[in-house]
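Residue numbering for the sequence shown follows full-length UniProt numbering, starting at 1 and increasing by one per position.
Comments concern the structure below.
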Amino acid sequence: MKRAVQQGIRILNAFDWPLLALLVIMSVLGLTIMHSAVGGTDWRFADQARNFLIAFVALWVAAALPPPLLLRLSPIVYVMGVILLLGVEFFGETSKGATRWLDLGFARIQPSEMLKIAVPMVLAWYFQKNQGTLRIRDFLVAALLLAVPFVLIVRQPDLGTALLVFATGFFVIYFAGLSFRLLIPLFVLGAVGVGLLVHYEEQICQPDVDWVLLHEYQKHRVCTLMDPSVDPLGKGFHTIQSMIAIGSGGIYGKGYMMGTQAHLDFIPERTTDFIFAVFAEEFGLYGGIMMLVLYGLLVARGLHIAQQAHTQYGRLLGGAMAMMFFVYVFVNIGMVTGILPVVGVPLPFLSYGGTALLTLGVAGGLLMSISRYRPART
1 MKRAVQQGIR ILNAFDWPLL ALLVIMSVLG LTIMHSAVGG TDWRFADQAR NFLIAFVALW
61 VAAALPPPLL LRLSPIVYVM GVILLLGVEF FGETSKGATR WLDLGFARIQ PSEMLKIAVP
121 MVLAWYFQKN QGTLRIRDFL VAALLLAVPF VLIVRQPDLG TALLVFATGF FVIYFAGLSF
181 RLLIPLFVLG AVGVGLLVHY EEQICQPDVD WVLLHEYQKH RVCTLMDPSV DPLGKGFHTI
241 QSMIAIGSGG IYGKGYMMGT QAHLDFIPER TTDFIFAVFA EEFGLYGGIM MLVLYGLLVA
301 RGLHIAQQAH TQYGRLLGGA MAMMFFVYVF VNIGMVTGIL PVVGVPLPFL SYGGTALLTL
361 GVAGGLLMSI SRYRPART
């Protein structure tokens, strides 16, 4: 009996309670809006409930692993992830024009999801290993560690996941001490590029213009972002219907399960990429603000955990996990509201899907592991 009590205490001590409370609230909110999006408790709702259960098990397992063990495992996890990506490159299964899955015989996996965690882990490990002696060469090595999986994922092609992997890795490099002054030229080039893209939109979006570095469907996504009305019943349909749904919700929303755009099937992918449109239509501007506040608190708690971490590894990894939540939310809501291209990034804890939920659960668990870790005093 005493041993069972001690085990129960150890399990409870694995959790960061403010973070857990936010994750539970988001999960309940996610299941609630999923119930509305599917119109009841069909197989998708049941599957999502199961996905949440698996994600919380993964969260607890990750939370129970101490950062010193995570530090030792980081390069192993990264190498395994890159090997699996190479497996996808040569032996992957193609579906809907993309080769993202690898059949291992006993399971069918999407290795790119693993790299969202593996890349920041190995970069945090690398900077911890070289702490106090960082030189330009170290940042170049870190950039190479990030570039390898990024290029392999882009080749699948899976631009949405590649951007998330790049973002989590970039934040580790930035938090490790990359000078902001080095980024200013990149921001200037980006601003100039966007300006030129908008200015020459009519010419470069012609069907016979090849963008060379991007696939044809990626070119269409960017052109559709700039003017969805060019093909309102085709490539612009998702964006237009999503913005109509959000606008029709007004300030107070139409009420739970009362969204006409969603329940009359005008919103494509309403259970996955565009679930925010369902939420905004039913709960309005106030509901959208409430959701953004919850996400803001989640990111803020993650950054606080990173700031209070006792090791360089914990600070870098915790900061990257917190910013991963931010990037997920920013990209998804940006594409749903028509300010970013549609790249297939789910909304954390709301969009249907087991793989993304598992990744988010592990990310939350890593933050909890960093939060509870206290180095042994010597």
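Glycine included, C-beta positions come from ideal geometry on N, C-alpha and C.
Use the C-beta contact count for residue i: other C-beta atoms within 10 angstroms, 16 or more gives buried, fewer gives exposed.
{"i": "residue 27", "result": "buried"}
{"i": "residue 90", "result": "exposed"}
{"i": "residue 181", "result": "exposed"}
{"i": "residue 296", "result": "exposed"}
{"i": "residue 187", "result": "exposed"}
{"i": "residue 200", "result": "exposed"}
{"i": "residue 168", "result": "buried"}
{"i": "residue 224", "result": "buried"}
{"i": "residue 46", "result": "exposed"}
{"i": "residue 292", "result": "exposed"}
{"i": "residue 76", "result": "exposed"}
{"i": "residue 310", "result": "exposed"}
{"i": "residue 190", "result": "exposed"}
{"i": "residue 118", "result": "buried"}
{"i": "residue 147", "result": "exposed"}
{"i": "residue 70", "result": "buried"}
{"i": "residue 154", "result": "buried"}
{"i": "residue 53", "result": "exposed"}
{"i": "residue 57", "result": "exposed"}
{"i": "residue 206", "result": "exposed"}
{"i": "residue 40", "result": "exposed"}
{"i": "residue 236", "result": "buried"}
Sorted by chain position, which residues of the same chain lie with C-beta nearer than 6 Å to residue i's C-beta, five sequence neighbours on each side aside?
{"i": "residue 351", "result": "272 and 275"}
{"i": "residue 211", "result": "219"}
{"i": "residue 175", "result": "316 and 319"}
{"i": "residue 18", "result": "301"}
{"i": "residue 284", "result": "249, 250, 251, 252 and 253"}
{"i": "residue 360", "result": "348"}
{"i": "residue 371", "result": "16 and 305"}
{"i": "residue 270", "result": "37, 262 and 278"}
{"i": "residue 375", "result": "310"}
{"i": "residue 266", "result": "241"}
{"i": "residue 185", "result": "none"}
{"i": "residue 288", "result": "280"}
For residue i, tell me which candidate among the options has the shortest Cα-Cα distance.
{"i": "residue 335", "options": "303, 353, 228 and 349", "result": "228"}
{"i": "residue 93", "options": "156, 137 and 73", "result": "156"}
{"i": "residue 84", "options": "72, 70 and 99", "result": "99"}
{"i": "residue 173", "options": "313, 207 and 346", "result": "313"}
{"i": "residue 140", "options": "165, 178, 112 and 103", "result": "178"}
{"i": "residue 339", "options": "222, 264 and 293", "result": "222"}
{"i": "residue 80", "options": "58, 307, 110 and 190", "result": "110"}
{"i": "residue 72", "options": "292, 149, 125 and 216", "result": "125"}
{"i": "residue 333", "options": "196, 41 and 242", "result": "242"}
{"i": "residue 341", "options": "25, 357, 143 and 194", "result": "194"}
{"i": "residue 369", "options": "359, 306, 328 and 349", "result": "306"}
{"i": "residue 88", "options": "76, 69 and 108", "result": "108"}
{"i": "residue 268", "options": "286, 375, 196 and 38", "result": "38"}
{"i": "residue 323", "options": "337, 303 and 308", "result": "303"}
{"i": "residue 432", "options": "62, 152, 146 and 121", "result": "Summary: the structure shown does not reach residue 432, with the chain confined to residues 1 through 378, and so no result is reported for it."}
{"i": "residue 367", "options": "42, 29, 64 and 41", "result": "64"}
{"i": "residue 50", "options": "365, 74 and 357", "result": "357"}
{"i": "residue 280", "options": "144, 246, 202 and 265", "result": "246"}
{"i": "residue 74", "options": "86, 129, 265 and 42", "result": "129"}
For a test of your reading of the model: does the CB of residue i fall under 7 Å from any non-hydrogen atom of the ligand ATP? Yes or no.
{"i": "residue 275", "result": "Judged by which ligands are present, the structure shown has none, so any question about the ligand ATP falls away."}
Less than 7 Å between C-beta atoms, sequence neighbours within five positions excluded: which residues of the same chain meet that for residue i?
{"i": "residue 48", "result": "31, 34 and 352"}
{"i": "residue 232", "result": "240"}
{"i": "residue 22", "result": "294, 297, 298 and 301"}
{"i": "residue 198", "result": "226"}
{"i": "residue 103", "result": "93"}
{"i": "residue 286", "result": "251 and 252"}
{"i": "residue 373", "result": "66, 67, 310 and 314"}
Name the DSSP beta bridge partners of residue i, please?
{"i": "residue 101", "result": "93"}
Ignore the nearest five residues each way along the sequence and tell me which others in residue i's own chain have a CB closer than 8 Å to its CB.
{"i": "residue 343", "result": "159, 160, 163, 221, 331 and 335"}
{"i": "residue 282", "result": "33, 36, 249, 253, 254, 255, 256, 257, 258, 259 and 262"}
{"i": "residue 355", "result": "110 and 113"}
{"i": "residue 25", "result": "294"}
{"i": "residue 325", "result": "295, 298, 299, 302, 348, 360 and 363"}
{"i": "residue 8", "result": "The predicted position of residue 8 is uncertain, since its pLDDT is 49 and thus under 50; no value can be drawn from it."}
{"i": "residue 44", "result": "34, 38, 271 and 352"}
Whole alpha helix (DSSP H) elements within the segment 107 to 146, 4-residue minimum: 111 to 129
Secondary structure, alpha helix (DSSP H): runs of 4+ residues fully inside the segment 174 to 254: 184 to 199, 201 to 204, 216 to 226 and 237 to 248
Whole runs of the alpha helix (DSSP H) within the segment 251 to 324, excluding any shorter than 4 residues: 260 to 263 and 275 to 308
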